[in-house]
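Line by line, the protein sequences are chains A and B. 470 is the number of the first residue of the first sequence in the numbering used here; add one for each residue after it. 470 is the number of the first residue of the second sequence in the numbering used here; add one for each residue after it. No residue lacks a Cβ here, since even glycine has one placed at the ideal position from N, Cα and C. This report refers to the structure that appears directly beneath it.
Protein chains: 2
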Amino acid sequence: MEIALLGGTGDIGEGLALRWARDTEHSVVIGSRDPEKATSRANDYDELLSARGVDIDVTGVGNEEAAATADVVVVSVPPEYATDTVDTIASQLDDETVLVSPAVAMRRDGAGFHYEAPEAGSVAEAIEDTAPNDVPIVGAFQNLAAGALSDLDRDLAADVIVTSDDAEAKALVSSLAAEIDGLRALDGGPLAVTALVESMTPLLINLAMNNDGMHDLGVRFQ
Amino acid sequence: MEIALLGGTGDIGEGLALRWARDTEHSVVIGSRDPEKATSRANDYDELLSARGVDIDVTGVGNEEAAATADVVVVSVPPEYATDTVDTIASQLDDETVLVSPAVAMRRDGAGFHYEAPEAGSVAEAIEDTAPNDVPIVGAFQNLAAGALSDLDRDLAADVIVTSDDAEAKALVSSLAAEIDGLRALDGGPLAVTALVESMTPLLINLAMNNDGMHDLGVRFQ
Numbered sequence: 470m471e472i473a474l475l476g477g478t479g480d481i482g483e484g485l486a487l488r489w490a491r492d493t494e495h496s497v498v499i500g501s502r503d504p505e506k507a508t509s510r511a512n513d514y515d516e517l518l519s520a521r522g523v524d525i526d527v528t529g530v531g532n533e534e535a536a537a538t539a540d541v542v543v544v545s546v547p548p549e550y551a552t553d554t555v556d557t558i559a560s561q562l563d564d565e566t567v568l569v570s571p572a573v574a575m576r577r578d579g580a581g582f583h584y585e586a587p588e589a590g591s592v593a594e595a596i597e598d599t600a601p602n603d604v605p606i607v608g609a610f611q612n613l614a615a616g617a618l619s620d621l622d623r624d625l626a627a628d629v630i631v632t633s634d635d636a637e638a639k640a641l642v643s644s645l646a647a648e649i650d651g652l653r654a655l656d657g658g659p660l661a662v663t664a665l666v667e668s669m670t671p672l673l674i675n676l677a678m679n680n681d682g683m684h685d686l687g688v689r690f691q
Numbered sequence: 470m471e472i473a474l475l476g477g478t479g480d481i482g483e484g485l486a487l488r489w490a491r492d493t494e495h496s497v498v499i500g501s502r503d504p505e506k507a508t509s510r511a512n513d514y515d516e517l518l519s520a521r522g523v524d525i526d527v528t529g530v531g532n533e534e535a536a537a538t539a540d541v542v543v544v545s546v547p548p549e550y551a552t553d554t555v556d557t558i559a560s561q562l563d564d565e566t567v568l569v570s571p572a573v574a575m576r577r578d579g580a581g582f583h584y585e586a587p588e589a590g591s592v593a594e595a596i597e598d599t600a601p602n603d604v605p606i607v608g609a610f611q612n613l614a615a616g617a618l619s620d621l622d623r624d625l626a627a628d629v630i631v632t633s634d635d636a637e638a639k640a641l642v643s644s645l646a647a648e649i650d651g652l653r654a655l656d657g658g659p660l661a662v663t664a665l666v667e668s669m670t671p672l673l674i675n676l677a678m679n680n681d682g683m684h685d686l687g688v689r690f691q
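This is the structure in structure tokens:
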């Protein structure tokens with residue numbers, strides 16, 4: 470399986486790239502608007518993994534090239550760039566390419582972080598509105614803390630809620646999530662309820678800000 | 470400490486009444502629009518607790534009488550009755566009475582449950598707008614599953630997120646939450662971010678509906 474991480478040069482894309490490379494046999498491709506930046510970051514990841522005895526090549530290319538051959542494309546860019554990014558790769562997408570939405574739109578004021586739902590209802594649904602009609606869309610990975618994910622010394626113990634209207638795509642992404650050590654995939658329902666998953670992210674950040682000793686929080690349902 | 474549970478004749482009010490009576494030394498008063506119903510349910514709870522060797526009197530009275538002497542008033546009524554209920558007890562409230570909002574407004578369609586934020590932003594903020602100005606308002610207990618809470622054979626292992634603009638009231642309710650075996654209280658921030666806590670309730674219900682073996686879910690942040 471080939472997984473492309475658009476915006477895989479930082480934040481949650483970095484951690485997913487490192488963990489999929491370390492914990493699975495899948496090919497991991499970093500995409501960026503700037504192919505040189507993607508290559509440079511991919512080399513950084515290779516060195517970091519190599520130092521841990523993981524001998525696997527993460528490659529870095531432009532977003533469009535990354536999407537062209539990938540089975541699964543994770544749109545791990547800031548929410549305000551999510552639909553534009555999907556636009557630029559639209560010609561590379563078809564019903565065989567699963568598009569994953571991990572981004573969350575938030576705003577901050579004196580009270581803390583708030584959820585800022587896009588007009589479509591969620592970032593995942595905004596991506597659905599933008600992508601070609603036959604492309605399966607999946608919401609996942611919104612609630613993972615980038616800091617915990619990219620720190621390979623840190624053991625994860627978190628749930629990933631997966632939403633989609635496409636059962637096959639949902640099963641595939643659930644399986645990819647569960648292949649990362651310490652992650653469990655849960656079925657969150659159809660894409661139309663993804664706002665509930667996205668809105669847990671500002672909650673997690675508020676909890677981390679307001680409670681001593683809670684950093685890079687994850688969530689477990691039990 | 471005297472805790473009044475308005476709408477304590479069912480749902481989450483029942484579980485909180487039973488667990489506070491069993492796990493703490495606090496006085497628990499059940500309130501209802503119908504004082505006879507409150508008395509009858511309080512007697513049921515007494516019998517249930519007595520059968521477990523807990524010799525404590527839960528009393529049942531009308532909502533107004535329940536609020537009159539209580540230190541903490543939990544508005545555990547359905548969300549559509551929350552502000553009306555606060556209206557009927559307004560004359561009993563002052564800056565010494567902490568008002569707790571555990572209700573969540575939801576709607577259901579084919580995709581599952583959705584969060585339905587009141588115009589005020591959250592049920593907690595709608596209660597704040599209705600209550601006399603000096604009454605401290607606290608959001609808490611929204612994410613507890615009524616079924617798990619009222620089943621005293623079930624060990625809880627869940628977090629309660631507490632939001633408030635009043636530090637003292639927040640500390641008090643956090644302490645009352647943590648006194649129930651298996652519950653941990655977390656500081657969620659000011660009342661203005663309570664929508665994030667409320668919106669986790671439909672998410673929990675969707676997860677319970679969509680995943681085998683997950684009933685009456687709780688949540689743990691780690």
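| Query | Result |
| --- | --- |
| Minimum C-alpha distance to D553(A) - residue among I499(A), H684(A), A614(A), G476(A) | G476(A) |
| S619(A) and E483(A) closer than 8 Å at C-beta | yes |
| Contact belief for P601(B) with A638(B) at Cβ below 8 Å, rounded distance in angstroms | That belief does not hold up - the Cβ atoms of P601(B) and A638(B) are roughly 14 Å apart, past 8 Å. |
| Helix, strand or coil at T478(A) [DSSP, three-state] | coil |
| With 16 other Cβ atoms within 10 Å as the buried cut-off, status of S545(B) | buried |
| Sequence-distant residues of the same chain with beta carbon closer than 8 Å to G657(A), five excluded per side | G608, I630, V631, T632, T663, L665, V666 |
| Minimum Cβ-Cβ distance from D492(B) to chain A less than 8 Å | no |
| Within 8 Å, strictly: CB atoms of V527(B) and A511(B) | yes |
| Contact belief for I596(A) with L568(A) at Cβ below 8 Å, rounded distance in angstroms | 6 Å |
| Collapsed DSSP secondary structure at K628(A) in the structure displayed | The identity of residue 628(A) in the sequence shown is Asp, whereas the question assumes Lys. Correct three-state label for D628(A): strand. |
| Buried versus exposed, by CB contacts within 10 Å (16 or more), M678(A) | exposed |
| Chain B contact residues for G682(A), given Cβ-Cβ distances below 8 Å | Chain B residues near G682(A): none, gap ~11 Å exceeds 8 Å. |
| Nearest-angstrom Cβ-Cβ length linking I472(B) and V541(B), presumed shorter than 8 Å | 5 Å |
| A589(B) and G687(B) closer than 8 Å at C-beta | no |
| Cβ neighbour criterion (16 or more within 10 Å) applied to H684(A) | exposed |
| Contacts around R623(A), its chain only, beta-carbon distance under 6 Å, and the 5 residues preceding and following it disregarded | A617 |
| Within chain A, partners of Q691(B) - CB distance below 9 Å | A626, A627, M683, L686, G687, V688, R689 |
| Coil, strand or helix - D492(A) by DSSP | helix |
| Minimum Cβ-Cβ distance from Y584(A) to chain B less than 8 Å | yes |
| Neighbouring residues, chain B, relative to N679(A) (Cβ below 7 Å) | D656, G657, G658 |
| C-beta contact flag for V543(B) and L474(B) at 8 Å | yes |
| 6 Å CB neighbourhood of S570(B) in its chain, flanking five on each side removed | V544, V592, A593, I596, G608 |
| Length at least 3, wholly inside the stretch 563-646 of chain B: the beta strand (DSSP E) runs in chain order | 567-570, 575-578, 581-584, 606-608, 627-633 |
| Residue-chain proximity (A638(A), chain B), Cβ-Cβ < 8 Å | no |
| Environment of G581(B) [buried if 16+ CB atoms lie within 10 Å] | buried |
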